[in-house]
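**Student:** Read top to bottom, the protein sequences are chains H and R. According to my numbering, numbering within the first sequence proceeds without interruption in unit steps and concludes at 127. According to my numbering, numbering within the second sequence proceeds without interruption in unit steps and concludes at 127.
Number of protein chains: 2
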Amino acid sequence: MARKKTKQLSPAALELLAARFRVLADASRLGLLHALMDGERNVNQLVELTGLAQANASKHLSQLADAGFLNRRRDGLYTWYGIADPSVFELCDLMCGSIARKLGRDLQEIA
Amino acid sequence: MARKKTKQLSPAALELLAARFRVLADASRLGLLHALMDGERNVNQLVELTGLAQANASKHLSQLADAGFLNRRRDGLYTWYGIADPSVFELCDLMCGSIARKLGRDLQEIA
DNA sequence: TGACGGTATGCTTATTCAGGAATATAGTCA
DNA sequence: TGACTATATTCCTGAATAAGCATACCGTCA
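1) Looking at the structure shown, is D91 of chain H part of a helix, part of a strand, or coil, going by DSSP?
2) CA-CA distance, A18 of chain R and Q24 of chain R?
3) In the DSSP assignment, find the unbroken alpha helix (DSSP H) run with E125 of chain R in it and report its ends.
4) Note down, one range per segment and in chain order, each alpha helix (DSSP H) of at least 4 residues found wholly within the stretch 22-70 of chain H.
5) Is there a Cβ of chain H sitting closer than 8 Å to that of H76 of chain R, yes or no?
6) Quick one: is E106 of chain H near chain R, going by C-beta distance under 8 Å?
7) According to the neighbour-count rule (16 or more other Cβ atoms, all chains shown, within 10 Å of its Cβ), is D54 of chain H buried or exposed?
8) Going along chain H in order, which residues have a C-beta closer than 7 Å to the C-beta of A43 of chain R?
9) Does the beta-carbon of S26 of chain H have 16 or more other beta-carbons within 10 angstroms, so that it is buried, or is it exposed?
10) Please report whether the beta-carbon of L46 of chain H lies at a distance below 8 Å from any beta-carbon of chain R.
11) When you compare only the Cα positions, how much space is there between R45 of chain H and A35 of chain H?
12) Against N84 of chain R, what residues of chain H qualify as contacts under a CB-to-CB distance less than 9 Å, listed in chain order?
13) Rounding to the nearest angstrom, what Cα-Cα distance links K75 of chain R and V59 of chain R in this structure?
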C-alpha cells in the first residue's frame with residue numbers, strides 16, 4: 017500500500033465546520049453561553065446578566081439554539097434557555113489555553 | 017462564605033476569545049490547516065492542495081500565523097508554514113463531535 | 001374580552017471581511 | 001546588473017451580519 021495520505025475534506029464539510037465556529041465567533045454569544053454555565057435562564061435574566069438589548073439577546077439565543085448549543089423550553093410567558101451541548105465549554109477552555117500559550121510565546125519574543 | 021457565583025468574564029476577554037474563534041470560522045482557513053496536518057508546506061504547495069488563489073492563500077496564512085496557529089519560516093524564495101499549536105486540531109475534532117451529536121438529535125426529531 | 005408582560009421578528013444602517021486583480025517586495029541565478 | 005520565481009500587499013467590490021428600533025406574536029390574568 018502506498019503512503020497513506022491525509023484524507024481530503026470536502027468543501028461542504030469545511031464550510032459546515034466553519035459555520036459552527038462562526039457561531040462562537042461573537043462576544044455577545046459567548047457572554048450568553050457563559051451566563052448559562054450555572055443553569056437555565058430565561059431571556060430577561062440573560063438580558064440583565066449580559067447587558068444586551070432584549071431583541072439582540074433573543075436573536076443571538078436563536079442562533080445558539082439553531083446551532084444546537086442551546087435548548088429552549090417554553091413555560092407560559094417565559095422561554096428558558098439552557099446548555100444543550102456542554103462540549104461548548106470544552107471548546108472555550110481549549111481556546112483559552114491556546115490563547116495563553118500564544119501570549120506566552122509573544123512575551124518570549126519581547127524579552 | 018456566600019454561594020459561589022460564576023466569575024464574570026470581562027467584555028475584553030470575551031472579545032479576545034471571539035476573535036480567535038473568528039480565525040477558525042472560515043472554510044478556506046480550515047482547508048489550509050487541514051492541508052498542513054502532514055507537515056510543513058510552502059505557499060505554492062498549499063495553493064495546489066487547496067485550490068485557493070495565491071494572494072488569497074497568502075492572506076489567510078498570515079491571519080493564521082498572526083493568531084499563533086501557524087509558524088512561518090523563510091528559506092530563500094520559499095516561505096514554509098507549519099502548525100504552531102496542535103490544539104487547533106483538538107478544537108476541530110471537538111467541534112466535529114458536536115456537529116455529529118447535533119445531526120443525531122435532528123435525525124431523532126424527524127423520525 | 002382587553003390590557004399587559006415576555007419574547008420573537010422585520011427593517012434599516014453601518015461595519016466587517018473574503019475574493020479578485022494588479023502590483024510591490026524579496027531572493028536567486030544568469 | 002537584469003530576468004525570473006515566490007510571496008506579500010494594496011485597492012476595490014460585493015456579501016454577510018450585528019445592533020437599534022419598531023412592532024408583531026403569544027400566553028396570562030383581571
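We put the CB at the ideal spot given by N, CA and C, even for glycine. Because the structure is a prediction, the values reported are computed rather than measured.
**Tutor:** Based on what the coordinates show:
1) Numbered from 1 along the first sequence, position 75 holds the residue referred to as residue 91 of chain H. When DSSP states are grouped into helix, strand and coil, D91 of chain H belongs to the strand group.
2) Working through the second sequence from its first residue, we reach residue 18 of chain R at position 2. Working through the second sequence from its first residue, we reach residue 24 of chain R at position 8. Below a pLDDT of 50, predicted positions are generally treated as unreliable, and A18 of chain R, at 48, falls in that range; the measurement from the model is reported next regardless. Here the C-alpha atom of A18 of chain R lies approximately 16 Å from the C-alpha atom of Q24 of chain R.
3) Translated into positions along the second sequence, residue 125 of chain R becomes position 109. Unbroken alpha helix (DSSP H) run through E125 of chain R: 103-126.
4) As far as the stretch 22-70 of chain H is concerned, its whole alpha helix (DSSP H) runs of at least 4 residues are 27-40, 43-51, 59-66.
5) Position 60 of the second sequence holds residue 76 of chain R. By this cut-off, H76 of chain R is not an interface position.
6) Along the first sequence, read from residue 1 onward, the residue named residue 106 of chain H stands at position 90. Yes, E106 of chain H lies at the interface with chain R (some Cβ there is under 8 Å from its Cβ).
7) Taking the first residue of the first sequence as position 1, residue 54 of chain H is located at position 38. Burial is judged here by how many other beta carbons sit within 10 angstroms of a residue's own beta carbon; D54 of chain H has fewer than 16 and is exposed.
8) Looking up residue 43 of chain R in the second sequence gives position 27. Those are P27, L30, E31, A34, listed as they occur along chain H.
9) Taking the first residue of the first sequence as position 1, residue 26 of chain H is located at position 10. By the neighbour-count rule (16 or more Cβ atoms within 10 Å), S26 of chain H is not buried but exposed.
10) Reading the first sequence from its first residue, position 30 is the one you call residue 46 of chain H. Judged by the 8 Å Cβ criterion, L46 of chain H is in contact with chain R.
11) On the first sequence, residue 45 of chain H is found 29 positions in, with the first residue counted as 1. On the first sequence, residue 35 of chain H is found 19 positions in, with the first residue counted as 1. In this structure, the CA atom of R45 of chain H is about 14 Å from the CA atom of A35 of chain H.
12) Here residue 84 of chain R corresponds to residue number 68 of the second sequence, with the count starting at 1. Looking at the sequence shown, residue 84 of chain R is not Asn but Gly. Neighbours of G84 of chain R on chain H, chain order: S114, I115, R117, K118, L119, R121, D122.
13) Your numbering for residue 75 of chain R matches position 59 in the second sequence. Your numbering for residue 59 of chain R matches position 43 in the second sequence. Looking at the two C-alpha atoms, the distance is approximately 11 Å.
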